[in-house]
Structures are given as C-alpha cells and as structure tokens.
Amino acid sequence: MTAIDELYEIGTSTWLDDLSRDRITTGNLAKIKASKSIAGVTTNPAIFAKAMSGGNAYDVQLADLRAAGSHPDEAVYAMSVKDVQDACDLFRDVYERTDGRDGRVSLEVDPRYAADEERTVEQAKELWRLVGRDNVMIKIPATDESLPAITAALAEGISVNVTLIFSVKRYKQVIDAYKAGIRQAAENGRDVSAIHSVASFFVSRMDTEVDRRLDVIGSEEALALRGQAGIANARLAYQLFLDEFRDMSDLPAGATKQRPLWASTGVKNPDYPATMYVTELAGPDTVNTMPEETLNAVLELGGLHGDTLTGMAPAAEEVFAQFESVGISLDDVVRVLEREGVDKFVSAWQELLDSMLENLK
C-alpha cells in the first residue's frame, strides 16, 4: 500500500492538478493513474496555457482550426475540451466504481467572466454540452457575482467544482449556493444523486500572503506563526463541512455532500516540508489535488499521521486568534487573494489567447 492508498483509506481522494495533450498521447496520464493511484484530474487556465505554449502535441488540431477560421477563444476551448474528454474517458472506470465521487476531470469557465453571472452560466452549460461526459466537472469561481451561477449550473444538473475559495465565510456562501442548486435540480426533476460538487480551497496561497505580512511585522511572535495559516484555514473549513453536512435532511433524497478539495497544495516556501499540505489535511470526505511534484514527494516520503482534520478546529481557531493579536487582518488577506486569484487566471488566459491568435494566422 502506498501513501496515496493510505490517504484513500483515511478518506482523502488524490487528484492530479495537471493535464496536457502530451500526458494523454504518450500514455503518461494512464501510467500515473495506474501506478500512483490518482482518482481524478483538475485543470485551470494556467495549466492549459503552459500545456499549449510548448511542443507540437496540438499541431494537427491547430492546423484544422486554422483552416476552419476559428477564433482564438474557440480554438483554445476546442483543444481544452478534447483533452478533458480523453481524460474523462480514461477515468471512466474510477467514476463508475465510486458512484461518481471520483474519476472526475475539471474544466474551468473563462476567468474573464468571473463578475458576469449570466455569461458564466451560459458557458458552464455550453462546456458541459461540449465535453459530453458525465464525469466532467465545470469549475466556477466563488466570487460574489458567480455564486448565483453556481446555483444555476447545479440546477441544470451540472456537476460543479467551485474554485478560488480562500475563507470559511465564503465557503458558507458556497455551501448555501450548492444546497439551493440541488433543491432546484430536484424541483426540475433531475436525479440529484448524479450531481456532485467539490469546494476548492487554495491552501499555499494563504500562507504566502500571510507569511509576507508576518515578515513585515517581524516580531518574534509574528515570525513564529509562519506556515500555519493555510492549514488552520482549511481545518476550520472542514469543521464547517462537518456541521453543514452531518444532517442531510434539509436536502432532497439522494443528494451528495459537497466535499472540500484542497488545492494549491505545492509548497511555495522551500523551507516547508513538501508534503505538509497533504499530511496535515487528511480526513474523511475530502479531495487533495496535487501537482506531480507534490504527488511524488508524498509517495517517496510517506509519513502520514492518520486523520489530521477531525477535531482540529479548536486549535485552528487559536492560531487565527494569534494572527489577529499580532495585527494580521485575515479579512483583508482574503480580499487580496480572491482578487489576485482571478487576475492571475485572467492573465494566463489572455496570454494563451494572444499566443493562439498568432498561431492561427
């Protein structure tokens, strides 16, 4: 049994946070799936920008798109959809074996629509139709404007990966949006047992921003708190998950829990253990999506500590109280991270579109 298998026994599913045409056509993704026990795949605009900017794996499809006079937006999504379809097919057996919990592949709506509810819903429906696979998840950001879009997409029977969550307060809004969407789906006559959702918390980015502020403060008390924000935040979110989904009687029969997903789990600070966002965030009904470097570190180092989520909320609350006592405004941290999160994905997407425009000429 590997550490990834052990994680699964604890209750944490491991997904790979990466996808490319090369991974699919060379058999690399199938090999990782078989040898490293990954149970799903997540993507984002930055991942596809990296995948499509190098090599020649997309050349044949790109030539067809150029001949068809495709717009850069159309070309990018045509290539992304093809990759996601192939990955969905590869993970179909996992999807069926786990009754839809795993075997999922995520595809994100255009990040430029993060403040446009109507266009987000429209594109979520279009991507769901284009991929045409039950095990795809459409990623929608947890911005103020997109919260209603989450509800609307779920009501249409679309499985949703809610992304860019940085606070427990925002997660509560995401849960409310999920529950509203599932109730509407039932009212629309849809099979709610087939609709799944995860709520993606970005862990390491929280530490990066908080640590930067702690370094500026510079006191002994402040510096002692470095590297604790991301894990404490996730543990508080997990407690909210337990509280909100312990009793499912407020949801239609057959409804599933919206599992927390730990994203951005590669450490940004090399002084931190490479596996800290895995070993310290293991617990029932969770997902951890990892870059391959983190996945390999977990397999090489092992050293899991069992369930490190259940019952950890009181200690996490103490950590948060210490942040406030040294002058860290966590509300401000969250505002900065949410804005930067959207901006980074928009920037990556725009660079990809600019590159695609040149390639289509």
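Numbering (the working numbering), first residue to last: -18 to 342. Note that CB positions come from ideal geometry on N, CA and C, so glycine has one too.
Check                                                                                                                                                               : Outcome
Fully enclosed by the stretch 66 to 136, which beta strand (DSSP E) runs are 3 residues long or longer?                                                             : 85 to 89 and 117 to 122
Does the beta-carbon distance from Glu77 to Thr144 come in below 8 Å?                                                                                               : no
Any idea what DSSP makes of Ser336, helix, strand or coil?                                                                                                          : helix
Ser305: buried (16+ other C-beta within 10 angstroms of its C-beta) or exposed?                                                                                     : Residue 305 is actually Glu in this sequence, not Ser. The residue in question, Glu305, is exposed, as its Cβ has fewer than 16 Cβ neighbours within 10 Å.
Alpha helix (DSSP H) containing Gly226: first to last residue?                                                                                                      : Looking at the sequence shown, residue 226 is not Gly but Phe. Taken as a continuous stretch (DSSP letters only), the alpha helix (DSSP H) holding Phe226 covers Ala210 to Phe226.
How long is the line joining the alpha carbons of Phe262 and Asp288, rounded to whole angstroms?                                                                    : Here residue 262 turns out to be Leu, not Phe, going by the sequence shown. The alpha-carbon atoms of Leu262 and Asp288 are separated by roughly 8 Å.
Please classify Leu338: is it buried, with 16 or more other beta-carbons within 10 angstroms of its beta-carbon, or exposed?                                        : exposed
Three or more beta-carbon pairs under 8 Å between the stretch 131 to 149 and the stretch 64 to 80, yes or no?                                                       : no
For Glu332, I'd like the list of residues in its chain whose CB is within less than 7 Å of its CB, leaving aside the five on either flank, ordered along the chain. : Ala30
If I measure Cβ to Cβ from Ser1 and keep anything under 6 Å in the same chain, skipping five residues before and after, which residues do I get?                    : Ala32
What are the start and end residues of the alpha helix (DSSP H) that includes Thr260?                                                                               : Met257 to Thr260
Considering only heavy atoms of the ligand SAH, does any lie closer than 7 Å to the CB of Ala161?                                                                   : With respect to small molecules bound, the structure shown includes none, and the ligand SAH cannot be examined in it.
In three-state terms, what does DSSP make of Gly284?                                                                                                                : coil
Could you give the distance in angstroms between the alpha-carbon of Ile121 and the alpha-carbon of Met271?                                                         : 19 Å
Within the continuous alpha helix (DSSP H) that includes Phe301, where are the two ends?                                                                            : Ala294 to Ser306
CA-CA distance, Val317 and Asp(-14)?                                                                                                                                : 36 Å
Does Asn169 come out as helix, strand or coil in the three-state DSSP assignment?                                                                                   : coil
Suppose you measure from the CA of Trp(-4) to the CA of Gly211; what does that come to, to the nearest Å?                                                           : 19 Å
Does Arg4 have its Cβ less than 8 Å from a Cβ in chain C?                                                                                                           : Given the protein chain composition of this structure (a single chain), no chain C is represented.
Can you tell me where the alpha helix (DSSP H) with Ile28 in it begins and where it stops?                                                                          : Pro26 to Ser34
Round the Cβ separation of Ala20 and Val75 to the nearest angstrom and send it over; I've been treating them as touching at under 8 Å.                              : 5 Å
Tell me, to the nearest whole angstrom, how far the beta carbon of Ala27 is from that of Lys249; I am working on the premise that it is less than 8 Å.              : Contact flag wrong, Cβ pair sits at about 14 Å.
Decide yes or no for the touch test of the stretch 289 to 304 against the stretch 161 to 173: beta carbon pairs closer than 8 Å, at least 3 of them.                : no
In this structure, does DSSP put Ala376 in helix, strand or coil?                                                                                                   : Only positions -18 to 342 of the chain appear in the structure, and residue 376 is not among them; the question remains open.
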